[in-house]
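J.: In UniProt numbering, the protein residues as written are 1 to 841.
The structure under discussion is supplied below as structure tokens; questions concerning it will follow.
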Amino acid sequence: MDAPVLSSSLALGAMSPLLGKLDELLASTEHTAPSIQQIRANLGITSTRLVELSMLQDPPLVAKYWMKDARELSYDMEDCLDLDQVAGGGEEADWIDRIAGFRSRVEEANRRYERYNLDSILGSSTNIPIDHRLKPAVGKPAMEHVGMEGPMDELRRWLTDEAQELKVVSIVGVGGVGKSTFAQKLWRKLGGQFDCRAFVHTAKKPDMRRILRSILSQVRPRQQPEVCEVHNLLEDLRKHLLDKRYFIIVEDLWDTSVWDVVSRAFPKGNCGSRIVTTTKFEEVALTSCGYHSKYVFKIKPLSEDLSKELIVRRVFVSGKGCPQQCSAILDEITNKCGGLPLALNIIASLLSCQHEVLEHWKHARDFLCNSLRTNPTFDEILKQVVNLCYNSLPHCLKTCLLYFSIYPENYTVMKEDLVKQWAAEGFLCATKGEEIMAVAVSCFDRLVNLGLIQPIDINYNDKVVHYAVNNMVLDIITYKSIEENFITVMDKDCYQMSIELSDKVRRLSLHFGSATYATIPAGIGLSQVRSLTFIGLFNCLPSIVKFKLVRVVILHFLGDHGNLSLNLRKLGELSQLKYLQIKCNVTVELPYQMQGLKHLEALEIRARTVSIPSDIFHLPMLFHLLLRADRNLSPRIAKSFCLEPNPSGKISSLDNLNVLSSPPIFLQTFEVLPPIGVYSRLPEWIQQLRKLRILKIAIRQLMRNDIDILSGLPVLTAVSLHIRQSMEEIIVFHRESFPALDCLKLSCSVLYLTFQEEAMPNLRRLKLGFNAHRREFFYVNMLSGIEHLKTLQEVVGQIGLGFGAGESEWAAAEYAFKNAFSRHSNLTSFNIRRVGGVDEE
Numbered sequence: 001m002d003a004p005v006l007s008s009s010l011a012l013g014a015m016s017p018l019l020g021k022l023d024e025l026l027a028s029t030e031h032t033a034p035s036i037q038q039i040r041a042n043l044g045i046t047s048t049r050l051v052e053l054s055m056l057q058d059p060p061l062v063a064k065y066w067m068k069d070a071r072e073l074s075y076d077m078e079d080c081l082d083l084d085q086v087a088g089g090g091e092e093a094d095w096i097d098r099i100a101g102f103r104s105r106v107e108e109a110n111r112r113y114e115r116y117n118l119d120s121i122l123g124s125s126t127n128i129p130i131d132h133r134l135k136p137a138v139g140k141p142a143m144e145h146v147g148m149e150g151p152m153d154e155l156r157r158w159l160t161d162e163a164q165e166l167k168v169v170s171i172v173g174v175g176g177v178g179k180s181t182f183a184q185k186l187w188r189k190l191g192g193q194f195d196c197r198a199f200v201h202t203a204k205k206p207d208m209r210r211i212l213r214s215i216l217s218q219v220r221p222r223q224q225p226e227v228c229e230v231h232n233l234l235e236d237l238r239k240h241l242l243d244k245r246y247f248i249i250v251e252d253l254w255d256t257s258v259w260d261v262v263s264r265a266f267p268k269g270n271c272g273s274r275i276v277t278t279t280k281f282e283e284v285a286l287t288s289c290g291y292h293s294k295y296v297f298k299i300k301p302l303s304e305d306l307s308k309e310l311i312v313r314r315v316f317v318s319g320k321g322c323p324q325q326c327s328a329i330l331d332e333i334t335n336k337c338g339g340l341p342l343a344l345n346i347i348a349s350l351l352s353c354q355h356e357v358l359e360h361w362k363h364a365r366d367f368l369c370n371s372l373r374t375n376p377t378f379d380e381i382l383k384q385v386v387n388l389c390y391n392s393l394p395h396c397l398k399t400c401l402l403y404f405s406i407y408p409e410n411y412t413v414m415k416e417d418l419v420k421q422w423a424a425e426g427f428l429c430a431t432k433g434e435e436i437m438a439v440a441v442s443c444f445d446r447l448v449n450l451g452l453i454q455p456i457d458i459n460y461n462d463k464v465v466h467y468a469v470n471n472m473v474l475d476i477i478t479y480k481s482i483e484e485n486f487i488t489v490m491d492k493d494c495y496q497m498s499i500e501l502s503d504k505v506r507r508l509s510l511h512f513g514s515a516t517y518a519t520i521p522a523g524i525g526l527s528q529v530r531s532l533t534f535i536g537l538f539n540c541l542p543s544i545v546k547f548k549l550v551r552v553v554i555l556h557f558l559g560d561h562g563n564l565s566l567n568l569r570k571l572g573e574l575s576q577l578k579y580l581q582i583k584c585n586v587t588v589e590l591p592y593q594m595q596g597l598k599h600l601e602a603l604e605i606r607a608r609t610v611s612i613p614s615d616i617f618h619l620p621m622l623f624h625l626l627l628r629a630d631r632n633l634s635p636r637i638a639k640s641f642c643l644e645p646n647p648s649g650k651i652s653s654l655d656n657l658n659v660l661s662s663p664p665i666f667l668q669t670f671e672v673l674p675p676i677g678v679y680s681r682l683p684e685w686i687q688q689l690r691k692l693r694i695l696k697i698a699i700r701q702l703m704r705n706d707i708d709i710l711s712g713l714p715v716l717t718a719v720s721l722h723i724r725q726s727m728e729e730i731i732v733f734h735r736e737s738f739p740a741l742d743c744l745k746l747s748c749s750v751l752y753l754t755f756q757e758e759a760m761p762n763l764r765r766l767k768l769g770f771n772a773h774r775r776e777f778f779y780v781n782m783l784s785g786i787e788h789l790k791t792l793q794e795v796v797g798q799i800g801l802g803f804g805a806g807e808s809e810w811a812a813a814e815y816a817f818k819n820a821f822s823r824h825s826n827l828t829s830f831n832i833r834r835v836g837g838v839d840e841e
């Protein structure tokens, strides 16, 4: 993955990869046709003009139309080349004729450019190149918060009083005022005080199944919900919560009807349970609180002084304050932001990297003054602030941000997923010495720093798990995606909402979450779709093998029951496929072999899988793999994957994978956990995976040299080891081992670990699982030298009960674990949890 990657983008369409493919064809063709050489030359001119026009902030309408036509031309030409590859090539004369057919379109595009005199636009003084203005800062906090201490203390008092009856508190305020920030802080501060807890997001068009399943999966994490019907989910929730003290946060309620349904899941009881809702509407807030107005907490916009303080703290981190030449402009900008923390943070982020350049301050002020009328609404303020920020982004960040519109409102996404999707789409270029994933992560972080992507799901150690975009941001980027024919979004209520008859669908996102039956309109061609996202019910899922040129497939769906299956036996026909992610509650049937998927980079199946391709480790470009399998794979299927089934038909071993002659050298993520199987020991071929970053694996026995195999992997940042047999010897982590490791999770019924000085020099997070036993000598050498982990900040212990152990043994294990860390002074977080037990053989 180190080689430069040709980029497809919002601004240039498929122009860059198309030119690269034409160059490859011309170089490899023995008898090059002059017509193809001429097309390549003319297309180079078109590409240069497209690049130059794309550098303008707000080109006139005629230029926008020309640019759109040029992008569509590039897509059509690349599709032609790729379809030829799908069809198996054929005679040279055939593909030459097909490409030559585009000659008149290329020439006409260049003639229209000259006829419209678009060169004169490039010299216009009113158009400033985007890439030289207002670059977002990197490495600063995404959001600053001021004026929250008093209101937060009051909310906390309401929620932590000694009243045992169920209490519902509602936070109400306009969009962008900070309701989510308050809710997230309450979640982190109070969540650990309850038996179970859940944080769920609703939407203007709520998917009740998804909302209720999300709550159930959080309050009952060890048993994922099988049912899909709303009434069944409500019943399961009530039964589970009946005798528990629970804490639930329901974010972004838009209508009382949603609360009427969701609230039926929460038994009143007398366990001291608490619910927090957030909403923009006072009537919804009152309804959720049972019309107890004293439990409606209103958040108001910041005062002018606090608004100015927020911007100054964000921009001038040195503490010097605002320079005199910017002071008056700061007052005008602050006044235009209406006291909205989200708007203020976005503006501050734009100015923070060039805070001494007066020109940029003036540009931000002039934009807001010209676009906002007197007494604008809060929604108008936020919309124009987002527009200012969007217009200031370089093209690569615009492309990445608009891609977020494939997801519905308030849909949370993992950072790791999104950056892999960007890479597979070809949105980014890696220069010499860079890795494309590192470039993608950097782009993601810059958008977070600007406040355009927001951390949503933050655990008690302040680690961000999921992200989303603000509703107003999503509305704006969805509109821009439609305008540029970048992404076509369809839902069950408005099929044609983003499709013009003249447009071809390039990236299709289907939001059928609340539909009982919906299909793609017959007028939409599927062969030119490059990216397919489906979020909804299983019976609305289209057949993905019809999308012959698809590169990215994201399928998140639910079946009415768990006995359904998705047949993907013909997946190998999608020869352009680079990324496949499936999250569902039905069984997925993969093909027995995947040799046709030579471009596949990432395969992630978060579902039961009854067949595992036997050649999956021989895919040349694979760098991310996550699979789950059914506990009852048949012996025949197990044999096809080089597994050794036991007499019961369950997977017992992955040992034959030790002899892989050519492991996928690009592999960056490897996750194979039960119930797929258990390795007898760590496979030796793992030491060849020099790009491996994340490893999650279950092994029967951990040997001393197994740790040596892992310790030399240069970029390994996260390891999760599940060890099934008790350690018989001390495992030593040697000096300077695991140079890049940030997170280590290790579970074994008995732990014997020794950490030498300077071992794991960058380890910040450690999660250890073990069982309490009747013999206390098990704890004597449990964690020797733990104080040598100088960078360690967060520790989680999960203690189960071994055979014959009881409460006193668990208490002894807890004491020994705490005592082991008593000499460690750098810890910021230390938690011990009781679990059912660590699996052992």
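All residues carry an ideal CB built from backbone N, CA and C; glycine is no exception.
Since this is a predicted model, take the numbers as computed values, not measurements.
#1: Any Cβ of chain B within less than 8 Å of the Cβ of S352?
#2: For the 8 Å Cβ check, are there 3 or more pairs between the stretch 716-733 and the stretch 744-751?
#3: Where F830 and Q798 are concerned, what is the direct C-alpha to C-alpha distance, given to the nearest angstrom?
#4: CB-CB under 8 Å to S825, same chain, minus the five flanking residues each way: which ones, in chain order?
#5: Thinking C-beta only, is A440 closer than 8 Å to V469?
#6: Report the residue from I45, V385, R274 and A820 whose alpha carbon sits nearest the alpha carbon of residue 877.
#7: Using the C-alpha atoms, what's the distance from V219 back to Q193?
#8: Report the three-state DSSP secondary structure of I524 (helix, strand or coil).
#9: Spell out the partners DSSP gives G797 in its beta bridges.
#10: Let me know the secondary structure DSSP gives G13 once reduced to three states.
#11: Candidates I699, K691, R735 and I694: which alpha carbon is nearest D708's?
#12: For Q184, which three-state DSSP category applies?
#13: Taking its Cβ as the centre, do 16 or more other Cβ atoms sit within 10 Å of E712, making it buried, or is it exposed?
#14: Using the DSSP secondary-structure output, state which residues sit across from T533 in a beta bridge.
#15: Would Y295 pass as a contact of V169 if the rule is Cβ separation under 8 Å?
#16: Nearest by alpha-carbon distance to E251: which of L626, P542 and K280 is it?
#17: With a 10 Å radius around its C-beta and 16 neighbouring C-beta atoms as the bar for buried, classify Q668 as buried or exposed.
#18: Which one of P739, R704 and W810 has the shortest CA to CA distance from D716?
#19: Run through DSSP, which three-state label would R274 get?
#20: Using C-beta distances below 6 Å, list every residue in its chain close to L510, excluding the 5 sequence neighbours before and after it, in chain order.
#21: Less than 8 Å separating the beta-carbons of L526 and K546?
#22: Is there contact here, the stretch 146-165 with the stretch 368-383, by at least three beta-carbon pairs under 8 Å?
#23: Report the residue from D475, E435, P455 and T377 whose alpha carbon sits nearest the alpha carbon of P408.
#24: Taking I524 as the reference, give the member of V796, L537, I39 and P542 with the closest Cα.
#25: Taking residue 852 as the reference, give the member of I211, L566, S720 and T277 with the closest Cα.
#26: Nearest-angstrom Cα distance between S349 and V312?
#27: Look up I403 in the DSSP assignment and say whether it is helix, strand or coil.
#28: So, under 8 Å CB-CB, D457 and G175 are touching, yes? Tell me the CB distance rounded to an integer number of Å.
#29: Which of the three DSSP states, helix, strand or coil, is assigned to R220?
#30: Alpha carbon to alpha carbon, how far is R156 from T181?
#31: Would you kindly check if the distance between the Cβ of Y592 and the Cβ of P613 is under 8 Å?
#32: Can you tell which of W685, L81, P714 and D706 has the C-alpha that lies nearest to the C-alpha of K691?
#33: Quick check: the Cα distance between M414 and E282, rounded to an integer number of angstroms?
#34: In angstroms with no decimal places, state the Cα-to-Cα distance between Q595 and A285.
#35: Could you tell me the distance, in whole angstroms, from the CA atom of H788 to the CA atom of H773?
#36: As a quick exercise: from G191, V172, L302 and N270, pick the residue whose alpha carbon is nearest that of W254.
T.: Taking the structure as given:
#1: No chain B appears in this structure, which consists of one protein chain only.
#2: yes
#3: Stepping through the sequence shown from its first residue, residue 830 is reached at position 830. Stepping through the sequence shown from its first residue, residue 798 is reached at position 798. When rounded, the distance between both Cα atoms is 11 Å.
#4: As a first step, residue 825 must be located in the sequence shown, where it is residue number 825. Cβ within range, chain order: n/a, list empty.
#5: One-based indexing of the sequence shown puts residue 469 at position 469. One-based indexing of the sequence shown puts residue 440 at position 440. Result no, Cβ atoms of V469 and A440 do not sit closer than 8 Å.
#6: Missing from the structure shown is residue 877; the chain here goes from 1 to 841 and no further.
#7: Here the question's residue 193 lines up with position 193 in the sequence shown. Here the question's residue 219 lines up with position 219 in the sequence shown. If I take the Cα positions, the gap works out to 14 Å.
#8: Along the sequence shown, one-based indexing puts residue 524 at 524. Correct three-state label for I524: coil.
#9: If you number the sequence shown from 1, residue 797 lands on position 797. Answer is L768 and I832.
#10: In the sequence shown, the residue the question calls residue 13 occupies position 13. In the structure shown, G13 sits in a strand (DSSP, three-state: E or B).
#11: The residue labelled residue 708 in the question sits at position 708 within the sequence shown. Minimum Cα distance to D708 is reached at R735.
#12: As a first step, residue 184 is located in the sequence shown; it is residue number 184 there, counting from the start. Looking at Q184 - three-state DSSP - the assignment turns out to be helix.
#13: Working through the sequence shown from its first residue, we reach residue 712 at position 712. The sequence shown places Gly at residue 712, not Glu. Exposed.
#14: The residue given as residue 533 occupies position 533 in the sequence shown. Partner(s): S509 and I554.
#15: Here residue 295 refers to the residue found at position 295 of the sequence shown. Here residue 169 refers to the residue found at position 169 of the sequence shown. Yes. Within cutoff.
#16: Indexing the sequence shown from 1 puts residue 251 at position 251. Comparing Cα-Cα distances from E251 to each of L626, P542 and K280, the minimum goes to K280.
#17: Your numbering for residue 668 matches position 668 in the sequence shown. Flag for Q668 reads buried.
#18: The count along the sequence shown starts at 1 and reaches residue 716 at position 716. The displayed chain sequence assigns Leu, not Asp, to residue 716. Nearest option by C-alpha distance: P739.
#19: Along the sequence shown, read from residue 1 onward, the residue named residue 274 stands at position 274. In this structure, R274 counts as strand in the three-state DSSP scheme.
#20: Here residue 510 corresponds to residue number 510 of the sequence shown, with the count starting at 1. Result list for L510: M490 and F534, in chain order.
#21: Here residue 526 refers to the residue found at position 526 when the sequence shown is read from its first residue. Here residue 546 refers to the residue found at position 546 when the sequence shown is read from its first residue. In contact: L526 and K546 (Cβ atoms closer than 8 Å).
#22: no
#23: In the sequence shown, residue 408 corresponds to position 408, counting from 1. For P408, the nearest C-alpha among the options comes from D475.
#24: Indexing the sequence shown from 1 puts residue 524 at position 524. Comparing Cα-Cα distances from I524 to each of V796, L537, I39 and P542, the minimum goes to P542.
#25: The requested residue 852 is not part of the displayed model; the chain covers only 1 to 841.
#26: For the purposes of this step, residue 349 is identified with residue 349 of the sequence shown, where counting begins at 1. For the purposes of this step, residue 312 is identified with residue 312 of the sequence shown, where counting begins at 1. Approximately 11 Å between the Cα atoms of the pair.
#27: Translated into positions along the sequence shown, residue 403 becomes position 403. According to the sequence as given, residue 403 is Tyr; it is not Ile. Three-state result, Y403: helix.
#28: For the purposes of this step, residue 457 is identified with residue 457 of the sequence shown, where counting begins at 1. For the purposes of this step, residue 175 is identified with residue 175 of the sequence shown, where counting begins at 1. Contact flag wrong, Cβ pair sits at about 20 Å.
#29: Walking along the sequence shown from the start, residue 220 turns up at place 220. Residue state, collapsed to three classes: coil.
#30: One-based indexing of the sequence shown puts residue 156 at position 156. One-based indexing of the sequence shown puts residue 181 at position 181. If you take the alpha carbons of R156 and T181, they lie about 14 Å apart.
#31: Here residue 613 corresponds to residue number 613 of the sequence shown, with the count starting at 1. Here residue 592 corresponds to residue number 592 of the sequence shown, with the count starting at 1. The answer is yes: Cβ separation under 8 Å.
#32: For this step, residue 691 is matched to residue 691 along the sequence shown. It is P714.
#33: Along the sequence shown, one-based indexing puts residue 414 at 414. Along the sequence shown, one-based indexing puts residue 282 at 282. Going from the Cα of M414 to the Cα of E282 covers about 32 Å.
#34: Residue 595 sits at position 595 when you count from the first residue of the sequence shown. Residue 285 sits at position 285 when you count from the first residue of the sequence shown. In a straight line, the C-alpha of Q595 is about 56 Å away from that of A285.
#35: Indexing the sequence shown from 1 puts residue 788 at position 788. Indexing the sequence shown from 1 puts residue 773 at position 773. Going by the C-alpha atoms only, they are around 27 Å apart.
#36: One-based indexing of the sequence shown puts residue 254 at position 254. Considering only alpha carbons, the answer is V172.
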